[in-house]
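Engineer: Okay, handing you the structure first.
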Ligand SMILES: Cc1cc2nc3c(=O)[nH]c(=O)nc-3n(C[C@H](O)[C@H](O)[C@H](O)COP(=O)(O)OP(=O)(O)OC[C@H]3O[C@@H](n4cnc5c(N)ncnc54)[C@H](O)[C@@H]3O)c2cc1C
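In our numbering, the protein residues as written are -10 to 445.
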């Protein structure tokens, strides 16, 4: 297989319970109705809903490594109703009704993933236990309150997200120094690699052909050129997210940004008795560089940090920056001092796709379909994308195909090295602002300046 075995695949892929030996590569030139490039969540969900909508369709999936080897098998497992583009940004471009419709579609996506897991017998450890966002300073609490109030204009009611005081929050998860929190039921925790691998097996049962170990080099209307042959197809689906730039002529569409995750050793019962965390909630905090975490089925904490590292070289999803481990450990100790000495059993990275305007997009034009630009919110969004693409490809119009991200056109990134320098500067500024705010307790002026520069 072309997956790089010198580096860790990460905890999720290593514990997915599936044989990662690649499926049969493309045997040569081929013909299909739909050729999907990329076997992550986007490609697999698209294959799933297409096969369900029209069992007669000949669907082929082309995958460079193995299904789930990209971000889909390496993420935080937050199956949330969050979108990379905040509702106010969607509203400013497409109107408030469109922003509300998008939010409602995301709310519905979380249980939809649970429904398919149940219906198709995919044991992805799906638990819709909601999500707790904790503030550990008065500055963070102010921001959380403002965010909660702003969301009320965009489809979030008091039943969708509510305020908890420190006591209410600690009853769910006892986070050190918690001042207040917001809780939403619209989030599930999943084992992402089990979901990706289970989906791959499911679509194969529906007669979708998956060819692994097959690198696509170029796509054009009506064909996918790979190193092993050309697939001719009525529709070609580009489902590569952070690896989109590996296709000829696509280098400025989505920028690959590496992010890291780690997982602790299993923590003892005494730790969980004090901390709680019994309902399968996902957990985050409110900081410029925030933490996202879940409790795993085997009692570990899997956590990541919103720290990105744009990487100019290879897209091997195994680029681990030396400071990642220290940063994760510092966050773990801050939130849970009792876990400060816990061993980090696995540390890995993956890359996500960042569009120039921070807006996700899905669409179909001239025989080429696409979806991506989810940034760090692709677990649920890729399912919504798959359902939408299946509708567009089979020419069925419903409210999904009228959502504001459908057909959204990305502005290309600046040529390199400008784009990398800009994104690298953004993440450095966020780290700097995080350090300043935690030292002074006051809003960082740098953060304000960066926020004014973000696309709106
Ligand atoms: C560390 C990390 C944590 C994250 N945490 C979360 C989270 O908690 N919640 C959330 O919602 N989102 C999260 N994300 C983002 C989420 O994982 C992604 O948005 C989502 O998985 C993207 O799915 P995809 O199918 O579009 O892309 P991918 O999963 O990257 O799939 C693309 C596939 O294409 C294959 N490929 C690449 N190049 C080629 C080629 N030339 N030819 C053929 N195949 C190719 C790759 O091997 C890969 O399998 C996280 C991402 C990372 C990296």
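Ideal placement from N, C-alpha and C gives every residue a C-beta, glycine not left out.
Would you call the stretch 118 to 127 in contact with the stretch 185 to 198, where contact means no fewer than 3 C-beta pairs closer than 8 Å?
Structural biologist: The stretch 118 to 127 vs the stretch 185 to 198: no contact.
Engineer: So, for residue 303: in the same chain, excluding its five sequence neighbours on each side, which residues have a beta-carbon less than 7 Å away from its beta-carbon?
Structural biologist: Annotation note: pLDDT 48 at residue 303 (below 50); position unreliable, coordinate value reported separately. Counting only Cβ-Cβ distances below 7 Å, and skipping sequence neighbours, we find nothing.
Engineer: Tell me whether residue 386 is buried or exposed, calling it buried when 16 or more other Cβ atoms sit within 10 Å of its Cβ.
Structural biologist: Looking at its Cβ environment, which holds fewer than 16 other Cβ atoms inside 10 Å, residue 386 is exposed.
Engineer: Report the residue ranges of all beta strand (DSSP E) runs contained in full by the stretch 203 to 240; include only those spanning at least 3 residues, in chain order.
Structural biologist: Fully enclosed beta strand (DSSP E) runs of 3 or longer: 205 to 209, 212 to 215 and 218 to 227.
Engineer: Quick check on the DSSP output: the alpha helix (DSSP H) that includes residue 69 runs from which residue to which?
Structural biologist: Where residue 69 is concerned, there is no enclosing alpha helix (DSSP H), although the beta strand (DSSP E) it sits in stretches over 67 to 69.
Engineer: Quick one: is residue 145 buried, meaning 16 or more other Cβ sit within 10 Å of its Cβ, or exposed?
Structural biologist: The residue is buried, with at least 16 neighbouring Cβ atoms inside 10 Å.
Engineer: Within 10 Å of its beta-carbon, does residue 160 have 16 or more other beta-carbons around it, so buried, or fewer, so exposed?
Structural biologist: Exposed, by the Cβ-count rule.
Engineer: Helix, strand or coil for residue 9 per DSSP?
Structural biologist: Coil.
Engineer: Using a Cβ-based criterion (distance less than 7 Å to any ligand heavy atom), does residue 281 qualify as near ligand 1?
Structural biologist: Checking the Cβ of residue 281 against ligand 1 gives yes.
Engineer: Between which residues of its own chain and residue 34 is the CB-CB distance below 6 Å, once the five residues before and five after are set aside?
Structural biologist: For residue 34, where only same-chain residues beyond five positions count, the Cβ hits under 6 Å are 371, 372 and 375.
Engineer: Tell me the DSSP secondary structure of residue 40 in three-state form.
Structural biologist: Residue 40 falls in the helix class under three-state DSSP.
Engineer: Tell me the DSSP secondary structure of residue 288 in three-state form.
Structural biologist: Reduced to three states, the DSSP call for residue 288 is coil.
Engineer: Am I right that residue 185 and residue 56 are in contact with their C-beta atoms under 8 Å? What's the rounded C-beta distance?
Structural biologist: About 6 Å; that satisfies the 8 Å criterion.
Engineer: DSSP three-state call for residue 163: helix, strand or coil?
Structural biologist: Coil at residue 163, not helix or strand.
Engineer: Using the Cα positions of residue 274 and residue 281, report the straight-line distance between them to the nearest angstrom.
Structural biologist: C-alpha separation (whole angstroms): 7 Å.
Engineer: Mark residue 414 as exposed unless 16 or more other C-beta atoms lie within 10 angstroms of its C-beta, in which case mark it buried.
Structural biologist: Result: exposed.
Engineer: Report, in whole angstroms, the separation of the C-beta atoms of residue 356 and residue 211, which I expect to be a contact under 8 Å.
Structural biologist: Yes, residue 356 and residue 211 are in contact; Cβ-Cβ is about 6 Å, under 8 Å.
Engineer: Taking the beta strand (DSSP E) that residue 93 falls in, what are its first and last residues?
Structural biologist: Here residue 93 belongs to no beta strand (DSSP E); instead the alpha helix (DSSP H) covers 85 to 108.
Engineer: Using DSSP with H/G/I as helix, E/B as strand and the rest coil, what is residue 393?
Structural biologist: Here residue 393 sits in coil by DSSP.
Engineer: Could you tell me whether the stretch 60 to 70 touches the stretch 37 to 50, using the rule of 3 or more Cβ pairs below 8 Å?
Structural biologist: Flag = no, the stretch 60 to 70 and the stretch 37 to 50 do not touch.
Engineer: Please report the distance separating the alpha-carbon of residue 446 from that of residue 430.
Structural biologist: No statement about residue 446 is possible, as the shown extent of the chain runs from -10 to 445 and does not include it.
Engineer: Over what stretch of residues does the beta strand (DSSP E) that includes residue 2 continue unbroken?
Structural biologist: Per DSSP, residue 2 belongs to no beta strand (DSSP E); it is in the alpha helix (DSSP H), 0 to 3.
Engineer: Roughly how many angstroms lie between the CA atoms of residue 421 and residue 318, to the nearest whole one?
Structural biologist: The alpha-carbon atoms of residue 421 and residue 318 are separated by roughly 18 Å.
Engineer: Just to confirm before moving on: does the CB-CB distance between residue 248 and residue 341 stay below 8 Å?
Structural biologist: Cβ distance < 8 Å, so residue 248 and residue 341 count as in contact.
Engineer: With 16 as the cutoff for other CB atoms within 10 Å, does residue 202 come out buried or exposed?
Structural biologist: Buried.
Engineer: My parser needs the alpha helix (DSSP H) runs of 4 or more residues fully inside the stretch 401 to 425; what are they?
Structural biologist: You should have found no qualifying run.
Engineer: Sorted by chain position, which residues of the same chain lie with C-beta nearer than 6 Å to residue 6's C-beta, five sequence neighbours on each side aside?
Structural biologist: Nothing meets the Cβ criterion.
Engineer: Which residue's Cα is closest to the Cα of residue 157: 172, 147 and 148?
Structural biologist: Measuring from the Cα of residue 157, the nearest candidate turns out to be 172.
Engineer: May I ask you to verify whether the stretch 25 to 32 touches the stretch 47 to 64, counting CB pairs closer than 8 Å and requiring at least 3?
Structural biologist: Result yes; three or more Cβ-Cβ pairs closer than 8 Å.
Engineer: In the DSSP assignment, find the unbroken alpha helix (DSSP H) run with residue 320 in it and report its ends.
Structural biologist: Per DSSP, residue 320 belongs to the alpha helix (DSSP H) from 313 to 324.
Engineer: Using DSSP's beta-bridge definition, name the partner residues of residue 48.
Structural biologist: Bridge partners of residue 48: 23.
Engineer: Figure out for me which residue from 265, 244 and 11 has the closest Cα to the Cα of residue 405.
Structural biologist: When only C-alpha atoms are compared, the closest one is 244.
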